[in-house]
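Residue numbers (the numbering used here): 171 to 609.
Heads up, the beta-carbon is just placed ideally off N, CA and C, and yes, glycines get one too.
Quick caveat, the model's predicted, so the values are computed rather than measured.
First the structure, in the form of structure tokens, and then the observations on it.
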């Protein structure tokens with residue numbers, strides 16, 4: 171890395187959020203500050219496939235509000251028909267973040283602004299396949315695969331694939347904003363946030379752009395994905411208090427909660443941001459990722475988390491004792507919380523590192539969760555606190571970590587790490603420093 175590259179510092183100048191606890195930076199922070207949960211009974215017609223009907227849903231985000239509040243241009247409204255819900259949320263969060271940044275899009279060099287966006291794999295709703303499938307059913311009631319290519323596909327809506335490709339969020343955002351710089355998509359489920367942010371950091375540090383629109387969108391509130399979750403994941407449920415169904419690092423935790431959301435950050439070269447008088451929420455120091463499997467093919471999540479944190483701290487020239495807190499993956503599952511805590515014990519030893527998890531507020535949406543977590547830590551640290559781990563009323567002492575619970579914890583240390591990982595042993599970590607003067 172050249173000395174010229176090292177001098178390029180990267181800051182966060184815009185935040186866009188579409189979440190179960192609020193849409194927009196201010197609404198999101200108000201709910202977080204008040205320790206309000208966005209988890210509850212899902213209102214959509216697909217709630218029967220969610221575990222006990224519980225999830226982190228955003229009912230106020232719909233096509234009507236999308237046209238009225240977020241997609242204000244004619245061309246944006248026309249694009250809705252070729253966007254599934256995840257793409258719509260991702261584009262809305264990006265436009266929100268861009269407005270929050272105050273960038274004058276009429277004067278900026280559009281060849282110097284790029285897009286880096288994370289997404290889950292996107293699935294076609296089963297009911298939308300019904301007519302096409304019926305045309306392939308034989309007289310004796312059996313589905314004939316030989317008929318699908320010639321008969322079945324012909325009954326599909328013509329642009330069906332464009333609605334569900336995971337690179338579509340980055341594509342639409344690039345078109346809406348006329349961003350002519352680097353444009354990349356990341357599909358690594360929960361680890362997407364850290365990977366997308368690190369890729370954007372690399373682009374900015376090497377001088378290939380001045381501004382990057384970096385975010386992620388995802389939903390696990392989907393007929394197919396919720397069924398996958400019921401088959402493959404530990405899912406939480408608290409009959410006595412539905413909103414507390416996700417209990418990260420609590421001794422009574424019993425699983426994660428599926429959700430939907432999108433989050434976006436505007437990352438900008440510091441001198442570029444200062445020259446236009448931008449509000450700076452924080453500085454992005456470093457990021458890293460790792461994927462580790464054991465010889466038998468099973469995921470070694472603990473090692474992947476350790477590798478990611480070690481690499482990020484080394485890149486950012488940060489010592490374990492320098493960090494003020496870790497905003498953890500904290501799914502609320504018995505096994506994953508144990509694995510994650512073991513990595514933190516190894517990493518931080520006797521430093522008594524404060525650890526928080528925010529999935530008790532808004533559940534797990536996959537690729538978007540990390541962006542909500544980074545935004546939450548930045549906004550909370552701007553107010554001098556570490557956000558508490560909601561629903562962790564009885565921290566599990568056997569985990570051996572210092573969980574921030576009960577109330578937000580006052581702090582003067584603005585440096586933090588965010589960690590996320592997948593069930594396949596992929597992990598990512600980012601390190602940021604909040605700006606105490608941001609409002």
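Requested in this report: Measure the beta-carbon distance from residue 525 to residue 574 and round it to whole angstroms, keeping in mind my assumption that it falls under 8 Å.
Outcome: So it is a contact: roughly 7 Å between Cβ atoms.
Report task. Could you tell me whether any Cβ in chain B is nearer than 8 Å to the Cβ of residue 296? Result -> Reference to chain B is not applicable here, since this structure consists of a single protein chain.
Requested in this report: Determine the DSSP secondary structure at residue 566, reduced to helix, strand or coil.
Outcome: Coil at residue 566, not helix or strand.
Query raised in the report: Using 8 Å as the Cβ pair cut-off and three pairs as the minimum, do the region 451–462 and the region 416–423 touch?
Result: Note that the region 451–462 does not touch the region 416–423; fewer than 3 beta-carbon pairs, one per stretch, sit closer than 8 Å.
Query - Cβ-based burial, residue 175 [other Cβ within 10 Å; buried from 16] - result: Summary for residue 175: the model assigns pLDDT 43, below 50, so the residue's position carries little reliability; its value from the coordinates is reported in the next sentence. Result: exposed.
Report task. Taking residue 524 as part of the beta strand (DSSP E), name the residues at either end of that continuous run. Result -> Per DSSP, the continuous beta strand (DSSP E) segment holding residue 524 begins and ends at 524–526.
Report task. Using the Cα positions of residue 380 and residue 494, report the straight-line distance between them to the nearest angstrom. Result -> Going by the C-alpha atoms only, they are around 29 Å apart.
Query raised in the report: What residue does the alpha helix (DSSP H) around residue 509 start on, and which one ends it?
Result: Per DSSP, the continuous alpha helix (DSSP H) segment holding residue 509 begins and ends at 504–518.
Query raised in the report: For residue 321, which three-state DSSP category applies?
Result: Reduced to three states, the DSSP call for residue 321 is helix.
Query raised in the report: Helix or strand or just coil, what does DSSP make of residue 212?
Result: Residue state, collapsed to three classes: coil.
Requested in this report: Have a look at residue 359 and residue 327 and give me their C-alpha separation to the nearest angstrom.
Outcome: Our two residues, residue 359 and residue 327, have alpha carbons roughly 27 Å apart in a direct line.
Requested in this report: Tell me whether residue 597 sits in a helix, a strand or coil according to DSSP, three-state version.
Outcome: Secondary structure of residue 597 (DSSP, three-state): strand.
**Report entry** For residue 478 and residue 589, believed in contact at Cβ under 8 Å, the rounded distance
**Finding:** 7 Å between Cβ atoms; contact.
Query - Distance between beta carbons of residue 577 and residue 558, contact taken as under 8 Å - result: Between residue 577 and residue 558 the Cβ distance is about 6 Å, and since that is below 8 Å, they are a contact.
Query - Integer-rounded CB distance, given that residue 598 should sit under 8 Å from residue 363 - result: Correct: roughly 7 Å between the Cβ atoms.
Query raised in the report: How is residue 240 classed by DSSP in three states: helix, strand or coil?
Result: Look at residue 240 here: in three-state DSSP terms it is helix.
Query raised in the report: CB residue 538 to CB residue 386, shorter than 8 Å?
Result: Less than 8 Å divides the Cβ of residue 538 from the Cβ of residue 386.
Requested in this report: Take residue 434 as the anchor and find which of 187, 512, 208 has the nearest alpha-carbon.
Outcome: Nearest of 187, 512, 208 to residue 434, Cα basis: 187.
Report task. Could you please give the first and the last residue of the uninterrupted beta strand (DSSP E) stretch that includes residue 589? Result -> Per DSSP, residue 589 is one residue of the beta strand (DSSP E) stretching across 585–591.
Query raised in the report: Which whole-angstrom value describes the C-beta separation of residue 413 and residue 209, a residue pair presumed to lie in contact below a C-beta threshold of 8 Å?
Result: Between residue 413 and residue 209 a beta carbon distance of about 5 Å is seen, short of the 8 Å cut, so the two are scored as contacting.
Requested in this report: Report the residue ranges of all alpha helix (DSSP H) runs contained in full by the region 369–413; include only those spanning at least 4 residues, in chain order.
Outcome: The alpha helix (DSSP H) runs lying completely inside the region 369–413 and spanning 4 residues or more are 393–402, given in chain order.
**Report entry** Top-ranked residue by Cα proximity to residue 602, from 339, 367, 278
**Finding:** Among 339, 367, 278, the Cα nearest to that of residue 602 is on 367.
Query raised in the report: DSSP three-state call for residue 578: helix, strand or coil?
Result: DSSP places residue 578 in coil when its eight states are reduced to three.
Report task. Indicate the three-state DSSP secondary structure (helix, strand or coil) for residue 280 in the structure shown. Result -> In the structure shown, residue 280 falls within a helical segment according to DSSP collapsed to helix, strand and coil.
**Report entry** Entirely enclosed alpha helix (DSSP H) segments - the region 431–469, minimum 4 residues
**Finding:** Listed in chain order, the complete alpha helix (DSSP H) runs (minimum 4 residues) inside the region 431–469 are 440–445.
**Report entry** Nearest to residue 449 (by Cα), restricted to the options 223, 581, 438, 236
**Finding:** Closest by C-alpha distance to residue 449, out of 223, 581, 438, 236, is 438.
Query - Cα-Cα separation, residue 596 to residue 430 - result: Going from the Cα of residue 596 to the Cα of residue 430 covers about 21 Å.
Query raised in the report: Got a sec, what are the start and stop residues for the beta strand (DSSP E) residue 182 sits in?
Result: Start and end: 180–189.
Query raised in the report: Using a Cβ-Cβ cut-off of 8 Å (strictly less than) and excluding sequence neighbours within five positions of residue 584, which residues of its own chain qualify?
Result: Answer for residue 584: 452, 494, 551, 603, 604, 605, 606, listed in chain order.
Report task. Examine the Cβ distances between the region 310–325 and the region 259–279 and report whether three or more of them are shorter than 8 Å. Result -> At 8 Å Cβ cutoff, the stretches do not touch.
Report task. Measure how close the beta-carbons of residue 533 and residue 296 come, nearest whole angstrom, since I'm counting them as under 8 Å. Result -> Contact between residue 533 and residue 296 does not hold, since the beta-carbon distance rounds to 22 Å and is not under 8 Å.
Query raised in the report: Using the C-alpha atoms, what's the distance from residue 594 back to residue 254?
Result: Cα to Cα, the separation comes out at about 26 Å.
Query - Candidates 561, 285, 407, 428: closest to residue 348 by CA position - result: Of the candidates 561, 285, 407, 428, the one whose C-alpha sits nearest the C-alpha of residue 348 is 285.
**Report entry** Exposure of residue 207, with buried meaning 16 or more beta-carbon neighbours within 10 Å
**Finding:** Under the 10 Å beta carbon count, residue 207 is surrounded by 16 or more other beta carbons and is classified as buried.
Requested in this report: Please confirm whether residue 492 and residue 501 have their CB atoms less than 8 Å apart.
Outcome: Not closer than 8 Å, so no.
Query raised in the report: Taking buried to mean at least 16 other C-beta atoms within 10 Å of its own C-beta, is residue 592 buried or exposed?
Result: With 16 or more other CB atoms across the displayed protein chains lying within 10 angstroms of its CB, residue 592 is buried.
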